Every structure is written in structure tokens, then in C-alpha cells.
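Below is one structure, written out as C-alpha cells, with a few remarks after it.
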């Protein structure tokens, strides 16, 4: 959002020093989202990155998106050259960083999840 001086902090993205690995990927290395697809029937959303890779999450992880129709889900806009998504009709924004952090956390949790009745003492 514009500040009192009329400057937009996102316009000065090259002046920002990364604070964590996600910031390094996005701010310093230029990782960007180029597309987003939804499969509501399968509770799935997939972000396509400018590296040719994809990340996925369940739509249900975002209550605002889970309540939306498939038509409304497709009415997103890439913002700030692919570092976020905006759904004006849903009054909802999602940053690429937030999406990637949630995807990474889910991956880690699945990796270390202990199956029932398989705890070793």
C-alpha cells in the first residue's frame, strides 16, 4: 500500500534484504508464481512457479477459498509480478511466501508423522 510519501515498498523490492530462506528465494533469487489452478472436487490448489516446479495445498486450508465456488476461485489476479494472489470478489489475498511456507510445513509434518500403532520404545 502507498505510504504517506507516496512510495510503495513493493516497488523497492530490490532494496529489501532477505530475512529468511523464503525471502531469499522470492526477493533475492526472483522466485515467482506464474499460474494457479484449482480442483475443488479434489480439494486441491496448485501453484506453478517460474522455475518449472509446482507446489500444492488443499483448498480447505484457507477457509475463505474453501467456501468459494470454483468460478470465484478462478477469478484471482497475480499481484506484484507473481509474489502474491488477489481475489477481489472474495476480499482475500495470499502471498507466495505464505503459500510456500504452508506447503513446506505440511511436507515436514507428513515426513515426521508417526503412524498409529508404530511407535517404537
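Residue numbers (this note's numbering): 840 to 960. In this text, a Cβ means the ideal position worked out from N, Cα and C, and glycines have one as well. As the structure is a computational prediction, the values presented were derived from the model and not from experiment.
- In this structure, residue 877 keeps its C-beta atom at 7 Å or more from the C-beta atom of residue 933.
- Counting only the Cα atoms, residue 914 lies some 9 Å from residue 925.
- Restricting attention to 870, 892, 901 and 866, the CA atom closest to the CA of residue 883 is found in 901.
- Beta-bridge annotation (DSSP): residue 934 is paired with 923.
- The Cβ-Cβ distance between residue 872 and residue 937 does not fall below 7 Å.
- In this model, residue 919 and residue 866 are separated by some 12 Å (Cα to Cα).
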